[in-house]
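Colleague:
In this note's numbering, the protein residues as written are -3 to 115.
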């Protein structure tokens, strides 16, 4: 009887974990919204830093920090291959990363969406 009870508990825990993971999943629409928010912020930052330059159509890649379920990063790459990185935790605001070390860690994370931009 103990064996059946243990198996039942493991089955319930497994189902709970699967439902929890599925419930936190993001959709393509969620990732597109993230990219849209970051591109608007990146464009504003670029216009402030270098007024008069055309913003163009940068590429954006969304990364997920699997160690922190609610943390996402977006890498924005322009045609000159210059990259900017932004981070968002939970429902907070997007913040630009200033550390090259942190940006390097992002590149090791799981890519969850790629926005190709246009040329």
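Even for Gly, the Cβ is constructed at its ideal location relative to N, Cα and C.
Would you call the CB atoms of residue 70 and residue 30 closer than 8 Å?
Modeller: Result yes, Cβ atoms of residue 70 and residue 30 sit closer than 8 Å.
Colleague: Sort 66, 79, 64 and 67 by Cα distance to residue 53 and report the nearest one.
Modeller: Ranking 66, 79, 64 and 67 by Cα distance to residue 53 puts 79 first.
Colleague: Just the Cα atoms here: how many angstroms apart are residue 23 and residue 72?
Modeller: Computed Cα separation, rounded: 20 Å.
Colleague: Please list the terminal residues of the continuous beta strand (DSSP E) segment that includes residue 107.
Modeller: 106 to 111 is the span of the beta strand (DSSP E), which, as asked, contains residue 107.
Colleague: For the beta strand (DSSP E) that contains residue 32, what are its first and last residues?
Modeller: Looking at the DSSP string, residue 32 is not in any beta strand (DSSP E); the run it does join, the alpha helix (DSSP H), is 24 to 45.
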